[in-house]
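Colleague: Under the UniProt record's numbering, the first residue of the sequence shown is numbered 1, with each subsequent residue one higher.
The beta carbon of each residue, even a glycine, is placed where N, CA and C say it ideally should be.
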Amino acid sequence: MSETNKDLQRRELVFRVLDDLKQNGERINADKVARMAQMGKQTVLPYYNEWRYLDDSEKEVDTELPADLVRVLKRGLVQWKHEATEEQRTLQEEANQEIDNLQEQNRQLTDERLHFKEQAEQLTSENKSLKERITQLQDGNTELEKQQVALNEQLKGELQKSETLAEQAEQLKKEHADALKAQERQLDTKHDAQMNHWMKVVDDERRLRADIEQQLKQEKENQYKLEKERNEIQYRLESKSRAHLEACEERNQLRQQNNELSAKRHLLESIQQLANCDEGKLLSVVTQLKDDSVHAERLKEELTGTNTQLKQLQEKIAESEQVFNQLHQLEKDLEKERGFSEALKLSLSQNAAQDSSGKKA
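Written out as structure tokens, the structure is:
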């Protein structure tokens, strides 16, 4: 609630108390009003002076108000009284809530005070125990001082022994360092020899691999050439095969024709002998039969040559397949050499790492 509403409520409360005193005909002063309103005199005094001023002003005005205006004013006063009562109830509830909060805070403070009191008693008990413990420690400290004196004497003797041992340890350390340097030089020499040996092996392996790769490249080129020749031979072989089939068919036809012509010749000879026919026509037929026979023999020779070429082509194809298998085996060998090279490099790197670790150790 704002300060303006509080001022209005205080003003209304003071005015109501003053109106009641005036109506009852009692004596009016600021102290009495402050006591009845439960406020301070300095708080009540401005409202008290205002009420007296308004009361004096009403006395000076000698006019009667109209009944309607009086009725309206009464209604306003009733409404104002109702609102003032509600505001007073709200203030009372807020005051009660604040009182409850203060009581809760008081209870919490009381609990804290009791808790602090218990802590203080506990700390007092602990302080007493600590004092007793301090006394015991002081007694023990006296005994320890006596033991310390004895230990100091013993420590002096041990220090002298320690100095002697330190000198011996320094001598041993120097001898050990010299031995380590000598061993390190031997390891360096051995490592350099091993590195030179393996570097030579790697160089030989690199040259061998380069030679194998060059040989493989050459073999692949030869393989491509052989493949090309094989394709050409295959094409020619297929052409020859087709020609061979055609020649066989033609030979079979010629054989059939030759057989037919032979039969016809025998028939013609028989007819010539029997019928004594024209000899010129008969010779013409015989000549044609001979030409057909010569053509058949020529086709037979060509077929034999074709079979020979076919056999040669098959031999070349077998040789090409053998070369291809050799190239495939060569590629496998090259892969093995590469694996051996990788394993060798890994072994060299591991040996170098072990040698460096040995040097650091």
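1) Suppose the cutoff is 6 Å on Cβ atoms and the five residues either side in sequence are ignored; what does the same chain contact list for Y47 look like?
2) Under a three-way DSSP split, which group does R242 fall into?
3) On the criterion of 16 or more Cβ atoms from any shown chain inside 10 Å, does A67 qualify as buried, or is it exposed?
4) Counting pairs of Cβ atoms below 8 Å between the region 94-107 and the region 23-35, do you hit three or more?
5) Which of the three DSSP states is assigned to M39 in this structure?
6) Which whole-angstrom value is the C-beta distance of H197 and D355, which I expect to be below 8 Å?
7) Can you find the residues in the same chain that come closer than 6 Å, C-beta to C-beta, to E205, ignoring five residues on each side of it along the sequence?
8) Considering only the beta carbon of each residue, do L216 and E337 sit closer than 9 Å?
9) Checking 9 Å against the spacing of the C-beta atoms, do R230 and K316 come in under that value?
10) Quick check on DSSP: helix, strand or coil for E26?
11) Taking the straight line between their C-alpha atoms, what separation do you get for Y235 and K228?
12) In its own chain, which residues sit with a C-beta less than 7 Å from the C-beta of L226, not counting the 5 before and 5 after it?
13) Can you tell me whether V294 is buried or exposed? The criterion is at least 16 other CB atoms within 10 Å of its CB, across all chains shown.
14) Using 9 Å as the threshold, is the C-beta distance between Q23 and A84 below it?
15) Buried or exposed for L245, please, with buried defined as at least 16 other CB atoms from any protein chain shown within 10 angstroms of its CB.
16) Please report how far the alpha carbon of K220 lies from the alpha carbon of C248, in whole angstroms.
17) Which residues in the same chain as Q223 place their Cβ atom closer than 7 Å to its Cβ, once the five residues preceding and following it in sequence are excluded?
18) Considering only the alpha carbon of each residue, which of E87, W51, L54 lies closest to T4?
19) Pull up the distance between the alpha-carbon of A169 and that of Q183, whole angstroms please.
20) Buried or exposed: W51, going by 16 or more other Cβ atoms within 10 Å of its Cβ?
Modeller: Result, derived from the coordinates:
1) Residue 47 sits at position 47 when you count from the first residue of the sequence shown. Residues R11, V14 of the same chain have their beta carbon placed closer than 6 Å to that of Y47, with the five preceding and five following residues left out of the count.
2) As a position in the sequence shown, residue 242 is number 242, starting the count at 1. It is helical.
3) In the sequence shown, residue 67 corresponds to position 67, counting from 1. Per the 10 Å Cβ criterion, exposed.
4) Between the region 94-107 and the region 23-35, the count of Cβ pairs shorter than 8 Å is below three; the stretches do not touch.
5) For the purposes of this step, residue 39 is taken as the residue at position 39 of the sequence shown. DSSP, reduced to helix, strand and coil, places M39 outside both helices and strands of the structure shown, so it counts as coil.
6) Position 197 of the sequence shown, counting from 1, holds the residue named residue 197. Position 355 of the sequence shown, counting from 1, holds the residue named residue 355. In this structure H197 is not in contact with D355, their Cβ atoms being roughly 14 Å apart against a cut-off of 8 Å.
7) Translated into the one-based positions of the sequence shown, residue 205 becomes position 205. Excluding residues within five positions, the ones whose Cβ falls inside 6 Å are S341.
8) In the sequence shown, residue 216 corresponds to position 216, counting from 1. In the sequence shown, residue 337 corresponds to position 337, counting from 1. It is not a contact, given that the beta carbons lie outside the stated cut-off.
9) Counted from its first residue, the sequence shown places residue 230 at position 230. Counted from its first residue, the sequence shown places residue 316 at position 316. Yes.
10) Working through the sequence shown from its first residue, we reach residue 26 at position 26. DSSP places E26 in coil when its eight states are reduced to three.
11) In the sequence shown, the residue the question calls residue 235 occupies position 235. In the sequence shown, the residue the question calls residue 228 occupies position 228. When rounded, the distance between both Cα atoms is 10 Å.
12) Here the question's residue 226 lines up with position 226 in the sequence shown. If we look at L226 and ignore the five residues flanking it on each side, its Cβ neighbours are S320, V323.
13) As a working mapping, residue 294 is identified with position 294 in the sequence shown. Label assigned to V294: exposed.
14) As a working note, residue 23 is residue 23 in the sequence shown. As a working note, residue 84 is residue 84 in the sequence shown. Not a contact, by the Cβ cut-off of 9 Å.
15) Counted from its first residue, the sequence shown places residue 245 at position 245. So L245 ends up on the exposed side.
16) What you label residue 220 is simply residue 220 of the sequence shown in a count that begins at 1. What you label residue 248 is simply residue 248 of the sequence shown in a count that begins at 1. If you draw a straight line from the Cα of K220 to the Cα of C248, it comes to about 40 Å.
17) Taking the sequence shown and counting its residues from 1, the one referred to as residue 223 is at position 223. Counting only residues of its own chain and dropping the five nearest sequence neighbours on each side, Q223 has a CB closer than 7 Å to the CB of V323, F324, L327.
18) To locate residue 4, count along the sequence shown from 1; it is residue 4. The shortest C-alpha to C-alpha distance from T4 to any of E87, W51, L54 is the one to E87.
19) Position 169 of the sequence shown holds residue 169. Position 183 of the sequence shown holds residue 183. Looking at the backbone, the Cα of A169 and that of Q183 are separated by about 20 Å.
20) Position 51 of the sequence shown holds residue 51. Buried, by the Cβ-count rule.
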